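Trainee:
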Amino acid sequence: SVNSSSVGIEHEGYVDDPAWYTEAMYRSSAALTKHLAARYAIPKDRSHIIGHSEAPGATHTDPGPNWDWNHYMQLIDGDPGNGGDGLTFPVYTTQQSGSSGPQVAAVQTLLTAQKYNPGTVDGLFGATTKSAVQAFQRARSLDADGTVGPKTWTALLSAGTTPLLKQGSSGDAVKRLQRALTAALGKTVGVDGSFGPTTDTAVRSYQTTRKLGVDGQVGPATWTALQNGK
Numbered sequence: 046s047v048n049s050s051s052v053g054i055e056h057e058g059y060v061d062d063p064a065w066y067t068e069a070m071y072r073s074s075a076a077l078t079k080h081l082a083a084r085y086a087i088p089k090d091r092s093h094i095i096g097h098s099e100a101p102g103a104t105h106t107d108p109g110p111n112w113d114w115n116h117y118m119q120l121i122d123g124d125p126g127n128g129g130d131g132l133t134f135p136v137y138t139t140q141q142s143g144s145s146g147p148q149v150a151a152v153q154t155l156l157t158a159q160k161y162n163p164g165t166v167d168g169l170f171g172a173t174t175k176s177a178v179q180a181f182q183r184a185r186s187l188d189a190d191g192t193v194g195p196k197t198w199t200a201l202l203s204a205g206t207t208p209l210l211k212q213g214s215s216g217d218a219v220k221r222l223q224r225a226l227t228a229a230l231g232k233t234v235g236v237d238g239s240f241g242p243t244t245d246t247a248v249r250s251y252q253t254t255r256k257l258g259v260d261g262q263v264g265p266a267t268w269t270a271l272q273n274g275k
């Protein structure tokens, strides 16, 4: 639980009602968040200002898919931190039948990119999305339970080309790597597309825990492990 090391703000409302979050609510909440960030030296980015659904181990769905994070972060003079890609989160939480929100939309987007059909990218985890997840899991020899946990997240986020990456590398493949490491290691790896010392440390940690050769470089063995959800 992150309760002992975080400040929680409760918003009255319903996560499935897009009209509930008024401008007045956004602004009053943002003013409080801005004050708390200054008071406790909390960085104003999406790695530190997160929804309940994004907290490690969370089973909640709030603030839901209708919460406008880009607008909210602008109100607190913060950094949305995801470049609008819809795939980057400080943590990747378990998604399953009945889940909803931006991380479900990310699952659907990633499945579509890999030629699986989750249905409409609507942030709602229904039967079609579950079937697509199971098909992806079977193709990666993962437990085909239709639930997107750390292993399936890691495989989904790392899927794609497998260029050799090392310190000094940059680009979209590095972003994929950084997202996948966040899911695999269970801790935030900054996603900026630049392979620097922090990413190097994360790669070495991953290689160590997966009993791979520890050289800080992402070659065939490390890519294979990631794409198989190791």
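Quick note: the sequence shown uses our numbering, first residue 46, plus one each step.
Cβ coordinates follow ideal geometry from the N, Cα and C atoms, glycine included.
On a predicted model such as this, the values are computed, not experimentally measured, just so you know.
Would you say Pro265 and Thr207 are within 8 Å of each other, going by their C-beta atoms?
Mentor: Yes.
Trainee: Between which two residues does the alpha helix (DSSP H) carrying Pro195 extend?
Mentor: Unbroken alpha helix (DSSP H) run through Pro195: 195-203.
Trainee: List the whole-angstrom C-beta distance separating Arg183 from Asn273, where the pair is believed to meet the contact cut-off of C-beta under 8 Å.
Mentor: Their Cβ separation, rounded to whole angstroms, is 13 Å, which puts Arg183 and Asn273 out of contact at 8 Å.
Trainee: Let me make sure I understand the geometry here. Which of Ile87, Thr244, Met70 has the alpha-carbon closest to that of Thr233?
Mentor: Measuring from the Cα of Thr233, the nearest candidate turns out to be Thr244.
Trainee: For the candidate residues Ser98, Leu271, His56, Trp65, whose alpha-carbon lies nearest to that of Thr78?
Mentor: For the residues Ser98, Leu271, His56, Trp65, the minimum Cα distance to Thr78 belongs to His56.
Trainee: Just to confirm the assignment, what range does the alpha helix (DSSP H) spanning Ala177 have?
Mentor: From DSSP, the alpha helix (DSSP H) with Ala177 extends over 172-184.
Trainee: On a Cα-Cα basis, can you pick out the residue from Asp122, His97, Thr192 that is closest to Ile54?
Mentor: For Ile54, the nearest C-alpha among the options comes from His97.
Trainee: Given that a residue counts as buried once 16 or more other Cβ atoms are within 10 Å of its Cβ, and exposed if not, what is Lys160?
Mentor: So Lys160 ends up on the exposed side.
Trainee: Which residues share a DSSP beta bridge with Asp140?
Mentor: Per the sequence shown, residue 140 should be read as Gln rather than Asp. DSSP output for Gln140 lists Val193 as bridge partner(s).
Trainee: Is the beta carbon of Ala177 less than 8 Å from the beta carbon of Val166?
Mentor: For Ala177 and Val166, no; Cβs fall outside 8 Å.
Trainee: Whole angstroms is fine: what's the gap from Gly261's alpha carbon to Arg72's?
Mentor: C-alpha separation (whole angstroms): 44 Å.
Trainee: I need the straight-line Cα distance from Ala172 to Lys256, nearest angstrom please.
Mentor: Distance between the alpha carbons of Ala172 and Lys256: 36 Å.
Trainee: In whole angstroms, what separates the C-alpha of Thr253 from that of Val259?
Mentor: Each residue's alpha carbon lies about 6 Å from the other.
Trainee: What does Val263 pair with, by DSSP beta-bridge criteria?
Mentor: Note: Val263 sits in a beta bridge opposite Leu210.
Trainee: Report buried or exposed for Gly146, applying the criterion of at least 16 other Cβ atoms within 10 angstroms of its Cβ.
Mentor: So Gly146 ends up on the buried side.
Trainee: Alpha carbon to alpha carbon, how far is Ala100 from Arg84? Give it in angstroms, no decimals.
Mentor: Using only the alpha carbons, I get a separation of about 21 Å.
Trainee: Starting from Gln159, trace the alpha helix (DSSP H) in both directions and tell me its first and last residue.
Mentor: No alpha helix (DSSP H) contains Gln159, which DSSP labels as neither H nor E.
Trainee: Are Ile121 and Ala82 close, meaning C-beta to C-beta below 8 Å?
Mentor: Going by C-beta atoms, Ile121 is nearer than 8 Å to Ala82.
Trainee: So what does Ser145 bridge to, in DSSP terms?
Mentor: Paired residues: Leu169.
Trainee: Over the uninterrupted alpha helix (DSSP H) stretch that includes Asp80, give me the two end residues.
Mentor: The sequence given here has His at residue 80, not Asp. From DSSP, the alpha helix (DSSP H) with His80 extends over 68-85.
Trainee: Could you tell me which residues DSSP puts in a beta bridge with Ser239?
Mentor: Bridge partners of Ser239: Ser215.
Trainee: Find the nearest neighbour of His93 within the set Gly168, Gly123, Trp198, judged by alpha-carbon distance.
Mentor: Nearest option by C-alpha distance: Gly123.
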